[in-house]
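To start, the structure itself, in structure tokens.
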Amino acid sequence: MTPTHDVVLVGGGGAGLRAAIAIAEFNPRLDIAVVSKVYPMRSHTVSAEGGAAGAIAADDSLDEHAFDTIAGGDWLCDQDAVEAFVREAPQELLRLEHWGCPWSRETNGRVGVRPFGGMKKMRTWFAADKTGFHMLHTLFQTSLKYTTVKRYDEWFVTKLLVDEGRVQGVVAIDLASGRVDAITARAVILCTGGCGKVFPFTTNAAINTGDGMALAYRAGAPLKDMEFVQYHPTGLPFTGILITEAARAEGGYLINKDGYRYLQDYNLGKPHKEPVFKSMELGPRDRLSQAFMKELEKGRTIETPYGHVVHLDLRHLGAKKIDAKIPFVRELCMKYQGLDPVKDLIPVRPVVHYMMGGVHTDINGATPLLGLYAAGETACVSINGANRLGSNSLPELLVFGARAGRAAAEYASQWFEVTPGIVAQIEDERRYVERDLLNRKGHERIADVRAEMQKTMEASAGIYRDRASLARGAAELSQLRGRLADLCIEDDSRTFNTERVSALELGFMVDIADTIIAAAAKREESRGAHQRTDFPKRDDVRFLSHSVVFRNEDGSPRVDYLPVTITRWPPAERVYGEAAAHAGSHQGTGSTLPAGETV
Amino acid sequence: MRDHIKVQVARYLPEKQSEQTFDEHEIPCPKDWVVLDGLNYIKDRIDGSLSFRWSCRMGICGSCGMTVNGEPKLTCATFLAEYAPGPIRIEPLRNFPIIRDLIVDIGDFMRKLVSVKPWIVRKYEKPLRDGEYIQTPQELDEFKQFSMCINCMLCYAACPVYGLDPKFIGPAAIALAQRYNLDNRDEGAAQRMEVLSEHAGMWGCTFVGECTKVCPKHVDPAGAIQRYKLTGAIESMKAFFMPRGA
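This is the structure:
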């Protein structure tokens, strides 16, 4: 049997669209399908704000970008992957410029760059503070000119088809009609983004339910470094809407209830009027979120109806700079918080933002499962290690979207037939999704079970964890599985049944939650975003390694380890503030940022 | 603060109903809830079968456009309390076929979008090694506003011309065509003009300006259409007076 398509992409965000274009350009004879549960331009890449890193400034170098990334990741990054990443990032960003991305410019018409947290040089390309929005729409609109890219908009993938050791396509629901169909292929690339919805308070959109991670995990591919969950230090309370790091890069201060720039108490340097690279408010996200927790313990945060907050102070930047560089921050604050950052303090608190972990892939996006690839936040290559630096995720989805696209295209250019073994799998899945699920009339509401899972995750695997909290989390998740089996799906219709989708997403998320807890429980050290109060130090002897979680036959997680690839930067202490100026292979000046406008 | 509001929500399920009906619910109305929060409250606590699209809840993904008390709105950017004590009536976007409840079929727009070639068209593409195209901040400002379209479809729902003539290419697609025409990196204006000069192109617009009024991102599609018409008129005059190839 001939497959329906050569390559199927699951997800149509930045990584998926970049991969699709890469395949179309690699081999114009290949038939490509983008299967996405939302129209591609709705994908969560759209919400990325601050920018995309790629070293282009005269005083910058690829090695410095690599070093900052590796130090930022607390030495858990694979350095060969980081080297490829920093080398290809500027090329990819430039390609996007050629495709029309409206990058913010210098007065002379060249692309402008801005500083960002944990980065020692100005290397973050930006399109005001709607960088992800512009990148996604540029990619989507550009993808429309490739006639070999067919789209399945609003199709929800429920299962990967695997037979004779090869991934051979997916089973998916066409949401509008409710039809369940197989979409077979020679290769599948998972580009479904993150899984922030596993937690209660997140910047992530409703769609970020980790579908690709769960699909891979259930199909037998391992998930890597799942214990590393990034909390962004500045989310608006209640909504969890992100206030971009660019607000601090442009000079914003974080202050506690006494108006004190508290980061100076946490080994992040001394406060200056102007922002300093890798110092204070431009420290890395993990350290800033941890500092918030310490302030909370000290009683120096501000209590609000939606939890404790600190303040982000942008008032001294003035309306002109705010409107030129971070207009969306002002728009969001006025709309959702009823305040104007030009004259008011912005209440902020740490919020789950990004998953460093994901489907284990090699440097070309290939998973250990033949025919299966992954890219973007879904994947873990890993260039992010234990903590991703701000503005590395957008270039990552371009670089590794393109790499995965080319690798899958090469693989799919070989001739494979679909094996007969998948027919029974398709029928089983169809029966489950079309009949069993629609007739499930148990006693539990989806929203209740979901809220319980989210609460469990925050309580057991939040910014600080320990053995007891993680054990409690594991026990609660196992109880939740019972409730999951007793769901009530009120909606038994086929047409655009969003409740059926929510039930499937919840199942995916509980699997992912399991892997996060299991990996976090086994890593008895503190590194980057994984902070164990019972093991407060980094332990390179035991844990300079990636965790990989496999799914056992009975559904339980099994944690194993893989070595970290070290090329040129041997593990060292991670330093910020004044000390950061002297760390790394290249000496920086550590001076304050150059003054002047780049827009 | 925890006042309640009466909500009337449009329901339509083609498998079971031939006509739209309304469900009425009394729901909480805290001051920071947007209309979408109210819908999620209904879905999570009262009726799991209510169907609507949403994702980012921050006014950027463009999924959650609906008709709120007769006006097209992004429900994640419209506060419930503005309508207290109600009743507030929530319906699907107008001018589109309804798939179910509050979900409309936007396939027509997706096809029209492709027809205006919303990508950079060039005779000669500069190789990457030659670096970026130079674009000054002023040149960027020429098209920036039109690049802010989130494809939320509010402008189509508000457009009386699209309501009468579904062949009309519509505000967002024209604004996006103009976004590329005005980009100094692009050379595709003539190709797009062919599409837009057709019967269902820009000439259908009678400049009612509703599209610009409802746009949540201040894209000003009406302005784009007017500018386009002017260019179109000049081009056709040129074609009339000047010999081909001049």
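Protein sequences, first through last, are from chains A and B.
Each residue of the first sequence is one higher than the one before, starting from 6 at the first, in the numbering used here.
Each residue of the second sequence is one higher than the one before, starting from 473 at the first, in the numbering used here.
Glycine included, each C-beta is placed from N, C-alpha and C at the ideal position.
Beta bridge counterpart(s) of E496/B as assigned by DSSP: Q480/B
Indicate whether at least one CB of chain A lies closer than 8 Å to the CB of E554/B. no
Please state the DSSP three-state secondary structure of E602/A. For E602/A, the predicted model reports a pLDDT of 40, less than 50, meaning its position is unreliable and no value from the coordinates is stated.
At 7 Å on the CB atoms, spell out the chain B contacts of R110/A, in chain order. Q607, T608, P609 and L612
Proximal residues of chain C, C-beta to C-beta of W526/B below 7 Å: Although the question refers to chain C, the structure presented lacks it and instead comprises the protein chains A and B.
Given a limit of 9 Å on CB to CB distance, which residues of the region 491-506 of chain A reach chain B? C493, I494, E495, D496, D497, S498, R499, T500, F501, N502, T503 and E504
Residue ranges of each alpha helix (DSSP H) within the region 429-472 of chain A, 4 or longer: 451-466
Same chain only: Cβ atoms within 7 Å of T306/A, ignoring 5 sequence neighbours per side: N261, K262, E300, H313, V314 and V315
Between A4/A and N397/A, how many whole angstroms is the CB-CB distance? I'm expecting something under 8 Å. The question about residue 4/A has no answer here: the residues shown for chain A are numbered 6 through 604.
Counting only Cβ-Cβ distances shorter than 8 Å, please list the residues of the region 132-155 of chain A near chain B, keeping chain order. K135, F138, H139, H142, Q146, T147, L149 and K150
Is the beta carbon of D68/A closer than 8 Å to that of R191/A? no
So which residues of chain A does S523/B contact, with C-beta pairs closer than 7 Å? F501 and T503
So which residues on chain B does W130/A lean against when the C-beta distance must stay under 8 Å? The premise fails here: W130/A is roughly 10 Å from chain B at the closest Cβ pair, so nothing lies under 8 Å.
Tell me, which residues are paired with R656/A by DSSP? Since the displayed chain A opens at 6 and closes at 604, residue 656/A lies outside it and no answer follows.
So which residues of chain A does P683/B contact, with C-beta pairs closer than 7 Å? The question names Pro, but residue 683/B in the sequence shown is Cys. Chain A residues near C683/B: none, gap ~18 Å exceeds 7 Å.
Give the straight-line distance between the Cα atoms of W108/A and M625/B, rounded to the nearest whole angstrom. 25 Å
Shorter than 8 Å from the beta carbon of P590/B to some beta carbon of chain A? yes
Measuring CA to CA, which of Y222/A, V515/A and R119/A is closest to R128/A? R119/A
Determine the chain A residues that contact P422/B at a beta-carbon separation under 7 Å, and present them in chain order. The structure shown does not extend to residue 422/B, since chain B is modelled only from 473 through 718, so no value can be given for it.
Is P95/A helix, strand or coil by DSSP? helix
Quick one: what does DSSP say S596/A is sitting in, helix, strand or coil? Its pLDDT being 46, under 50, S596/A is placed unreliably in this model, and the value from its coordinates should be taken loosely. Coil.
Beta-ladder partner(s) of M538/B, from DSSP: K545/B
What residue from V347/A, A296/A and M360/A has the CA that sits closest to K229/A's CA? M360/A
Kindly list, in the order they appear in chain B, the residues whose Cβ is closer than 9 Å to that of M46/A. C533, G534, I622 and N623
When T136/A, E111/A and S148/A are compared against Q610/B, the one with the closest alpha-carbon: E111/A
M503/B, buried or exposed, once every other Cβ within 10 Å from all chains shown has been counted against 16: Before going on, a small fix: residue 503/B reads as Lys here, not Met. So K503/B counts as exposed.
Compute the distance between the beta-carbons of G673/B and I641/B, then report whether it is under 8 Å. yes
What are the uninterrupted segments assigned as beta strand (DSSP E) that are 3 or more residues long and contained completely in the region 363-399 of chain A, given in chain order? 363-365 and 377-379
Are three or more beta carbon pairs between the region 328-336 of chain A and the region 130-142 of chain A nearer than 8 Å? yes
Measuring only between beta-carbons, confirm whether P107/A sits less than 8 Å from chain B. yes
From which residue to which residue does the alpha helix (DSSP H) around P609/B run? P609 to K616
Range covered by the beta strand (DSSP E) that runs through G245/A: No beta strand (DSSP E) contains G245/A, which DSSP labels as neither H nor E.
Chain A contact residues for K598/B, given Cβ-Cβ distances below 9 Å: H103
Leaving out five residues on either side along the sequence, give the residues of the same chain with a beta carbon under 8 Å from the beta carbon of L442/A. I494, R505, A508 and L509
Would you say the region 223-240 of chain A touches the region 531-543 of chain A, given that touching needs at least three Cβ pairs under 8 Å? yes
Pairwise C-alpha distance: P562/A and L489/A: 18 Å
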